[in-house]
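**Student:** Chains as they are written, first to last, in this note's numbering: chain A, 1 to 144; chain B, 1 to 144; chain C, 1 to 144; chain D, 1 to 144.
Cβ coordinates follow ideal geometry from the N, Cα and C atoms, glycine included.
Predicted model only: the values in this text are computed from it and were never measured.
First the structure, which I've put down as structure tokens, then a few questions once you've had a look.
There are 4 protein chains.
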Amino acid sequence: MQGDLQSEVMVRVRFSETDPVGVVWHGNYVKYLEDAREEFGRQWGLSYRYISESGYYAPVFDMHIRFDRSARVDQWLKVVCRYHPSKGAKLCFDYTVSDALDGTLIATAETVQLFTTKDGVFEPSAPAFFQEWKRKMECPEEDG
Amino acid sequence: MQGDLQSEVMVRVRFSETDPVGVVWHGNYVKYLEDAREEFGRQWGLSYRYISESGYYAPVFDMHIRFDRSARVDQWLKVVCRYHPSKGAKLCFDYTVSDALDGTLIATAETVQLFTTKDGVFEPSAPAFFQEWKRKMECPEEDG
Amino acid sequence: MQGDLQSEVMVRVRFSETDPVGVVWHGNYVKYLEDAREEFGRQWGLSYRYISESGYYAPVFDMHIRFDRSARVDQWLKVVCRYHPSKGAKLCFDYTVSDALDGTLIATAETVQLFTTKDGVFEPSAPAFFQEWKRKMECPEEDG
Amino acid sequence: MQGDLQSEVMVRVRFSETDPVGVVWHGNYVKYLEDAREEFGRQWGLSYRYISESGYYAPVFDMHIRFDRSARVDQWLKVVCRYHPSKGAKLCFDYTVSDALDGTLIATAETVQLFTTKDGVFEPSAPAFFQEWKRKMECPEEDG
Numbered sequence: 001m002q003g004d005l006q007s008e009v010m011v012r013v014r015f016s017e018t019d020p021v022g023v024v025w026h027g028n029y030v031k032y033l034e035d036a037r038e039e040f041g042r043q044w045g046l047s048y049r050y051i052s053e054s055g056y057y058a059p060v061f062d063m064h065i066r067f068d069r070s071a072r073v074d075q076w077l078k079v080v081c082r083y084h085p086s087k088g089a090k091l092c093f094d095y096t097v098s099d100a101l102d103g104t105l106i107a108t109a110e111t112v113q114l115f116t117t118k119d120g121v122f123e124p125s126a127p128a129f130f131q132e133w134k135r136k137m138e139c140p141e142e143d144g
Numbered sequence: 001m002q003g004d005l006q007s008e009v010m011v012r013v014r015f016s017e018t019d020p021v022g023v024v025w026h027g028n029y030v031k032y033l034e035d036a037r038e039e040f041g042r043q044w045g046l047s048y049r050y051i052s053e054s055g056y057y058a059p060v061f062d063m064h065i066r067f068d069r070s071a072r073v074d075q076w077l078k079v080v081c082r083y084h085p086s087k088g089a090k091l092c093f094d095y096t097v098s099d100a101l102d103g104t105l106i107a108t109a110e111t112v113q114l115f116t117t118k119d120g121v122f123e124p125s126a127p128a129f130f131q132e133w134k135r136k137m138e139c140p141e142e143d144g
Numbered sequence: 001m002q003g004d005l006q007s008e009v010m011v012r013v014r015f016s017e018t019d020p021v022g023v024v025w026h027g028n029y030v031k032y033l034e035d036a037r038e039e040f041g042r043q044w045g046l047s048y049r050y051i052s053e054s055g056y057y058a059p060v061f062d063m064h065i066r067f068d069r070s071a072r073v074d075q076w077l078k079v080v081c082r083y084h085p086s087k088g089a090k091l092c093f094d095y096t097v098s099d100a101l102d103g104t105l106i107a108t109a110e111t112v113q114l115f116t117t118k119d120g121v122f123e124p125s126a127p128a129f130f131q132e133w134k135r136k137m138e139c140p141e142e143d144g
Numbered sequence: 001m002q003g004d005l006q007s008e009v010m011v012r013v014r015f016s017e018t019d020p021v022g023v024v025w026h027g028n029y030v031k032y033l034e035d036a037r038e039e040f041g042r043q044w045g046l047s048y049r050y051i052s053e054s055g056y057y058a059p060v061f062d063m064h065i066r067f068d069r070s071a072r073v074d075q076w077l078k079v080v081c082r083y084h085p086s087k088g089a090k091l092c093f094d095y096t097v098s099d100a101l102d103g104t105l106i107a108t109a110e111t112v113q114l115f116t117t118k119d120g121v122f123e124p125s126a127p128a129f130f131q132e133w134k135r136k137m138e139c140p141e142e143d144g
């Protein structure tokens, strides 16, 4: 595999993303994870746009987030998205969200995406464009 | 005009819509207004879906909101959307947001929508489907 | 246990909650789950407000969602939130999101909340108000 | 006045901020405006935090946005927030949102904020901290 298949983004917590307790509302982390996943897509040639132009969508099928600490307005967060090799027709990523200055861990997460055609029908085997991408990235196939 | 061309919805303030001050974050009112406008569309035959199937989009071009009071988590709001007759190729609505129980006024707003083709080109004259709708509703043409 | 400790809400999908694919953006389900959990709180005496007035917060610590189907604008969803009895200082819920008309399953989820003091310090043993609530609800203690 | 009292931020459009038409949902611009206003606050000593520590909130009282063009996923936007001097107890800003690469204008906006005490009571005359800030910034008093 081409070294580490991962990307990172820096996100600054918006006032509108914090809740009455004064911390980031937990649902907003889904946006931060997607920011990092989209950056991965741009950097490694697997963007939403590219998948769409290949005739597919890749909806999130499974999402699991664990929150270790809370984050506050103006705080800079570093979100890292790592590709997790897996068999078959799915796209798996692991994430860490941490304080960008001191590295304190804030949350960890995993997502699994499946492929559907533009009509919304699930694609049980890996689409050609995805097989090609895995070859180019020299991805091993691991259980996931 | 067919009596009052207006619709209303009841909206309950979500925890995630409130900010660190404990009140609804002002940007969330845009959703409440759209809830009432979509209800208007369903009730009076001018829904997003119908406009889209007629070959057009109706993007918001101008939005003006005045906030009189703040709203809190769990509060029930009544949002009223009134059609405001106007000349030409635009769709104008007035809104009031008030406490659903005691009627206290919380916000007032106006929006103006223009028409574009599916390619995003502005349509300078009223599309046929909209002229037809105005005839059916017996709308006078007023300046707006 | 007092019959089934569960609550349900009906949610109508907003235009602003759908994405370029025309379906609900997956992060918006977090709001639907919270709608049902807040309804549970109001119905069974365990609301955000009550917990807060007891001197605690109950931040979400773990959230897991599986998406079976997509939902579209205007669709009515039924969200059911069930209390899942567990040992110790945590609050566990299971959820189902389904089409409100034909019952088709759209998503399932689980959340785990822990307790913190107002200063954000984790509370390792069940707060008195929560023990009292469990007694009143005649909750068995199960592993979870 | 200290040259131009203005600040700018760069914002990249998120997938989750776009709607079924494939463009930024209009309500999301409220977040972009706030991003620029918060940057102004940090840069010129008038942040949400500072206002709050001075014993006040500054809720948005009036917001007016005009949309000239739509923006798409991944597009970089430049949002400029300019302080607009005005008499009395209000805080006025003008905004432009434009394409960060070619400068095409996307939206313009104005907001007016008033001051309230922490109990939510409107403050009819300019709080001391705000008068002090205006002196430091050598702001003229203009009608607004």
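Check whether the Cβ atoms of Phe61 (chain C) and Gln113 (chain C) sit closer than 8 Å, and answer yes or no.
**Tutor:** For this step, residue 61 (chain C) is matched to residue 61 along the third sequence. For this step, residue 113 (chain C) is matched to residue 113 along the third sequence. Yes, the Cβ-Cβ distance between Phe61 (chain C) and Gln113 (chain C) is below 8 Å.
**Student:** Apart from the five residues on each side of it in sequence, which residues of its chain come closer than 6 Å, Cβ to Cβ, to Asn28 (chain B)?
**Tutor:** Taking the first residue of the second sequence as position 1, residue 28 (chain B) is located at position 28. So the qualifying residues of the chain are Glu17.
**Student:** For the region 105 to 122 of chain C and the region 64 to 72 of chain C, state whether three or more C-beta atom pairs, one from each stretch, are separated by less than 8 Å.
**Tutor:** Touching, yes.
**Student:** Under 8 Å, with one C-beta from each stretch per pair, do the region 42 to 58 of chain A and the region 26 to 45 of chain D reach the 3-pair mark?
**Tutor:** Flag = no, the region 42 to 58 of chain A and the region 26 to 45 of chain D do not touch.
**Student:** If you reduce the DSSP assignment to three classes, tell me which class Arg66 (chain A) lands in.
**Tutor:** Along the first sequence, one-based indexing puts residue 66 (chain A) at 66. Strand.
**Student:** Note down the Cα distance separating Met10 (chain A) from Val73 (chain A), rounded to an integer number of angstroms.
**Tutor:** Position 10 of the first sequence, counted from the first residue, corresponds to residue 10 (chain A). Position 73 of the first sequence, counted from the first residue, corresponds to residue 73 (chain A). Distance between the alpha carbons of Met10 (chain A) and Val73 (chain A) is about 14 Å.
**Student:** Should Asp19 (chain B) go down as buried or exposed, given a rule of 16 or more other Cβ atoms within 10 Å for buried?
**Tutor:** For this step, residue 19 (chain B) is matched to residue 19 along the second sequence. Flag for Asp19 (chain B) reads buried.
**Student:** Where do the ends of the beta strand (DSSP E) carrying Val30 (chain A) lie?
**Tutor:** Here the question's residue 30 (chain A) lines up with position 30 in the first sequence. Here Val30 (chain A) belongs to no beta strand (DSSP E); instead the alpha helix (DSSP H) covers 29 to 44.
**Student:** Please classify Ala36 (chain C) as buried or exposed, where buried requires at least 16 neighbouring CB atoms within 10 angstroms.
**Tutor:** Stepping through the third sequence from its first residue, residue 36 (chain C) is reached at position 36. Result: buried.
**Student:** Count the other CB atoms within 10 Å of the CB of Trp76 (chain A); is the residue buried (16 or more) or exposed (fewer)?
**Tutor:** Taking the first residue of the first sequence as position 1, residue 76 (chain A) is located at position 76. Burial call: exposed.
**Student:** Kindly indicate which three-state DSSP category Ser16 (chain C) falls into: helix, strand or coil?
**Tutor:** Position 16 of the third sequence holds residue 16 (chain C). Residue state, collapsed to three classes: helix.
**Student:** Compute the beta-carbon to beta-carbon distance between Lys78 (chain D) and Glu8 (chain D), rounded to the nearest angstrom, for a pair I have assumed lies under 8 Å.
**Tutor:** Here residue 78 (chain D) refers to the residue found at position 78 when the fourth sequence is read from its first residue. Here residue 8 (chain D) refers to the residue found at position 8 when the fourth sequence is read from its first residue. Rounded, the Cβ-Cβ distance is 6 Å, consistent with contact.
**Student:** Around the C-beta of Glu138 (chain A), are 16 or more other C-beta atoms found within 10 angstroms, so that it is buried, or is it exposed?
**Tutor:** Sequence index remark: in the first sequence, residue 138 (chain A) carries index 138 (1-based). Counting Cβ neighbours within 10 Å, Glu138 (chain A) comes out exposed, since fewer than 16 surround it.
**Student:** Given a cut-off of 8 Å on the beta-carbon distance, is the pair Leu5 (chain A) and Tyr95 (chain A) in contact?
**Tutor:** In the first sequence, residue 5 (chain A) corresponds to position 5, counting from 1. In the first sequence, residue 95 (chain A) corresponds to position 95, counting from 1. No, the Cβ-Cβ distance between Leu5 (chain A) and Tyr95 (chain A) is not below 8 Å.
**Student:** Within the same chain, show all residues whose beta-carbon is closer than 8 Å to that of Pro59 (chain D), passing over the 5 residues directly before and after it, in chain order.
**Tutor:** Your numbering for residue 59 (chain D) matches position 59 in the fourth sequence. Excluding positions up to five away in sequence, the list reads Gln113, Leu114, Thr116.
**Student:** State yes or no: is the C-beta of Glu110 (chain B) within less than 8 Å of the C-beta of Ala89 (chain B)?
**Tutor:** Taking the second sequence and counting its residues from 1, one reaches residue 110 (chain B) at position 110. Taking the second sequence and counting its residues from 1, one reaches residue 89 (chain B) at position 89. Result no, Cβ atoms of Glu110 (chain B) and Ala89 (chain B) do not sit closer than 8 Å.
**Student:** Are the Cβ atoms of Cys92 (chain D) and Ser98 (chain D) separated by less than 8 Å?
**Tutor:** Translated into positions along the fourth sequence, residue 92 (chain D) becomes position 92. Translated into positions along the fourth sequence, residue 98 (chain D) becomes position 98. In this structure, Ser98 (chain D) does not lie closer than 8 Å to Cys92 (chain D) by Cβ.
**Student:** So, at 6 Å on beta carbons, what are the nonlocal neighbours of Gly144 (chain B) in its own chain, with the 5 sequence-adjacent residues on each side left out?
**Tutor:** The count along the second sequence starts at 1 and reaches residue 144 (chain B) at position 144. Since pLDDT at Gly144 (chain B) reaches only 45, below the 50 mark, its modelled position is unreliable, and the value read off the structure follows with that caveat. Same-chain partners within the cutoff: His84, Ser86, Cys92.
**Student:** Below 8 Å on C-beta distance, what does Val21 (chain D) contact in chain B?
**Tutor:** Translated into positions along the fourth sequence, residue 21 (chain D) becomes position 21. Tyr57, Pro59, listed in chain order.
**Student:** What residue does the alpha helix (DSSP H) around Gln75 (chain D) start on, and which one ends it?
**Tutor:** If you number the fourth sequence from 1, residue 75 (chain D) lands on position 75. Segment: none, Gln75 (chain D) is in no alpha helix (DSSP H) and carries neither H nor E.
**Student:** Are the CB atoms of Tyr48 (chain D) and Phe15 (chain A) within a distance shorter than 8 Å?
**Tutor:** Reading the first sequence from its first residue, position 15 is the one you call residue 15 (chain A). Reading the fourth sequence from its first residue, position 48 is the one you call residue 48 (chain D). Contact flag set, yes.
**Student:** Who does Thr116 (chain D) pair with in a DSSP beta bridge?
**Tutor:** In the fourth sequence, counting from the first residue as 1, residue 116 (chain D) sits at position 116. According to DSSP, which records beta bridges pairwise, Thr116 (chain D) is partnered with D:Tyr57, D:Phe122.
**Student:** Under the three-state reduction of DSSP, which class applies to Gly144 (chain C): helix, strand or coil?
**Tutor:** Here residue 144 (chain C) corresponds to residue number 144 of the third sequence, with the count starting at 1. Only weak support is given to the placement of Gly144 (chain C): the predicted model assigns it a pLDDT of 46, under 50, and the question is left unresolved by the model.
**Student:** Identify, in the order they occur along the chain, each residue of the same chain with its Cβ nearer than 6 Å to the Cβ of Val24 (chain C), setting aside the five sequence neighbours on each side.
**Tutor:** Here the question's residue 24 (chain C) lines up with position 24 in the third sequence. Here the set comprises Val13, Glu17, Thr18, Ala71.
**Student:** With burial defined as no fewer than 16 other Cβ atoms inside 10 Å of the residue's Cβ, what is the status of Leu152 (chain A): buried or exposed?
**Tutor:** Outside the modelled stretch of chain A, which goes from 1 to 144, sits residue 152 (chain A), for which no answer is possible.
**Student:** How many angstroms separate the CA atom of His26 (chain B) from the CA atom of Gly45 (chain B)?
**Tutor:** Taking the second sequence and counting its residues from 1, one reaches residue 26 (chain B) at position 26. Taking the second sequence and counting its residues from 1, one reaches residue 45 (chain B) at position 45. Cα to Cα, the separation comes out at about 29 Å.
**Student:** Using a C-beta to C-beta distance shorter than 8 Å, which residues of chain D count as neighbours of Phe130 (chain B)?
**Tutor:** If you number the second sequence from 1, residue 130 (chain B) lands on position 130. None at all; the shortest Cβ gap to chain D is about 18 Å.
**Student:** Please name the residue in D:Lys31, D:Val21, D:Met63, D:Gly120 whose C-alpha comes closest to that of Val21 (chain B).
**Tutor:** On the second sequence, position 21 is the one that residue 21 (chain B) refers to. The residue with the shortest Cα to Cα distance from Val21 (chain B) is D:Gly120.
**Student:** For Thr18 (chain B), would you say it is in contact with chain D, using Cβ-to-Cβ distances shorter than 8 Å as the test?
**Tutor:** As a position in the second sequence, residue 18 (chain B) is number 18, starting the count at 1. Taking Cβ atoms only, chain D never reaches closer than 8 Å to Thr18 (chain B), which makes this a no.
**Student:** Within a Cβ cutoff of 7 Å, which residues of the same chain sit near Trp133 (chain B), ignoring the five residues on either side of it in sequence?
**Tutor:** For the purposes of this step, residue 133 (chain B) is identified with residue 133 of the second sequence, where counting begins at 1. Closer than 7 Å at Cβ, skipping near neighbours: Gly45, Leu46.
**Student:** Could you tell me the alpha carbon to alpha carbon distance between His64 (chain A) and Tyr50 (chain C), rounded to whole angstroms?
**Tutor:** As a working note, residue 64 (chain A) is residue 64 in the first sequence. As a working note, residue 50 (chain C) is residue 50 in the third sequence. One C-alpha to the other measures close to 28 Å.
**Student:** Are the Cβ atoms of Val80 (chain B) and Val30 (chain D) separated by less than 8 Å?
**Tutor:** To locate residue 80 (chain B), count along the second sequence from 1; it is residue 80. To locate residue 30 (chain D), count along the fourth sequence from 1; it is residue 30. For Val80 (chain B) and Val30 (chain D), no; Cβs fall outside 8 Å.
**Student:** Mind checking the region 88 to 122 of chain C against chain A and listing, in chain order, the residues whose C-beta falls within less than 8 Å of any C-beta there?
**Tutor:** Listed by position, the residues of the region 88 to 122 of chain C near chain A (Cβ gap below 8 Å) are Gly120.
**Student:** Roughly how many angstroms separate the alpha carbons of Met126 (chain D) and Leu101 (chain A), rounded to a whole number?
**Tutor:** Counting from 1 along the fourth sequence, the entry for residue 126 (chain D) is found at position 126. Counting from 1 along the first sequence, the entry for residue 101 (chain A) is found at position 101. Before going on, a small fix: residue 126 (chain D) reads as Ala here, not Met. Ala126 (chain D) and Leu101 (chain A): Cα-Cα distance of roughly 37 Å.
**Student:** Mind listing the chain E neighbours of Arg82 (chain D)? Cutoff is C-beta to C-beta under 8 Å, in chain order.
**Tutor:** Absent from the structure is chain E; the protein chains it does hold are A, B, C and D.
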